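I have placed the structure first, in the form of structure tokens, so that the comments after it can refer back to it.
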Amino acid sequence: MVPDSSFTRGLTGLLSKIFGCVLVGLLLFKGIQGSWAETGSLKADSSKSPLTQLQRLLAEGSQNSSDPAMLLQLADLYLEIGQEIYQDENRKRQAFDEGARLARRALDTEKDNAEAHYLYAANLGSSAQIEGVMASALTVNTLKTHVRRALELNPHHAPALHMMGMMLEELPWFLGGDPDMAITYLIQATEVKPDYIRARLDLAKIYIKRQNLRAAREELRHIIDETPRSPASESWQHNHQEALILLDALPSLR
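Those letters in the sequence shown? Residues 2 to 255, by the numbering used here.
Written out as structure tokens, the structure is:
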């Protein structure tokens, strides 16, 4: 038992804060990976790869545009490329950092743009996850502030609902975690966008974690029965396969 002294209590408190911060750095976005890559609303041509679209826009000098819509299209592409295409951590981080910078520029022009708030938080959070040092209350609060603002401006923004839900699920209570509200946000995300497979998969995982196997099974079956977009994306195939594995692993309901 640790002696009860002001010194040891202070040291324990300090170590707890340090450990908590490191833990947040490891866990905050563990369950959200891929969630913010499914915005889709800004894609110029879904038949072309995000990397091809980005290269074309950069060749046209679109990164120097003052048009918020163009800046957000680029930020969205950088986010998707960082999440789905790049494997090297340095390239991923560079993509997220550039996406955050462009979304920030869009916010400077249109402070009440829900997509800009979301894409800024999503890119910033993805970059911080790679750094492994994002675990400060200040960074967490910045992310939550922008996601909340996105939802204030557009309560039906499915990726923002998903991101908020996963933050509330993964954060410790002293940084604002709230497991009950997490489920509420994820349910809302799937109601707003029924084909949002990543959000539905995360919801199923949380139900499994809560031992609510009946609800988990329902979400997983919904994913498996979902008709893929044509052509089915690599992320869709990955999520679909993961749902099959999880459903097969669930014990039979009596």
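All C-beta atoms in this analysis are idealised placements derived from N, C-alpha and C, irrespective of residue type, glycine included. Remember, it's a predicted structure, so these values are computed and weren't measured experimentally.
Put simply, the region 192–199 does not touch the region 143–150. Fewer than three CB pairs are less than 8 Å apart. Asn240 is positioned such that its CB atom lies closer than 8 Å to that of Arg199. Take the alpha-carbon of Ile207 and the one of Ala60: they are about 43 Å apart.
The residue from Arg222, Asp77 and Ser127 with its alpha-carbon nearest to that of Leu245 is Arg222. Under the three-pair Cβ rule at 8 Å, the region 90–98 does not count as touching the region 112–121. Annotation for Ala183: Gly166, Leu169 and Glu170 place their beta carbon closer than 6 Å to its own, counting only its chain and skipping 5 residues before and after. In the structure shown, Gln212 falls within a coil segment according to DSSP collapsed to helix, strand and coil.
In the three-state scheme derived from DSSP, where H, G and I count as helix and E and B as strand, Gly100 is classed as helix. DSSP places Asn155 outside both helix and strand once states are collapsed to three, so it counts as coil. With contacts defined as CB atoms closer than 8 Å, Gly83 and Ser127 qualify as a contacting pair. At a Cβ-Cβ threshold of 8 Å, Ala123 and Leu80 count as neighbours.
In the DSSP assignment, Asp181 falls within the alpha helix (DSSP H) that extends over Pro180 to Val193.
The Cβ atoms of Ile188 and Leu204 lie closer than 8 Å to each other. The Cβ atoms of Leu202 and Glu243 sit closer than 8 Å to each other.
Secondary structure of Tyr121 (DSSP, three-state): helix. In the DSSP assignment, Ile82 falls within the alpha helix (DSSP H) that extends over Pro69 to Glu85.
For Arg215, the closest of Asp181, Ser253 and Ala190 by C-alpha to C-alpha distance is Ser253. Nearest C-alpha to Glu153 among Gln238, Ala117, Gly178 and Leu247: Ala117.
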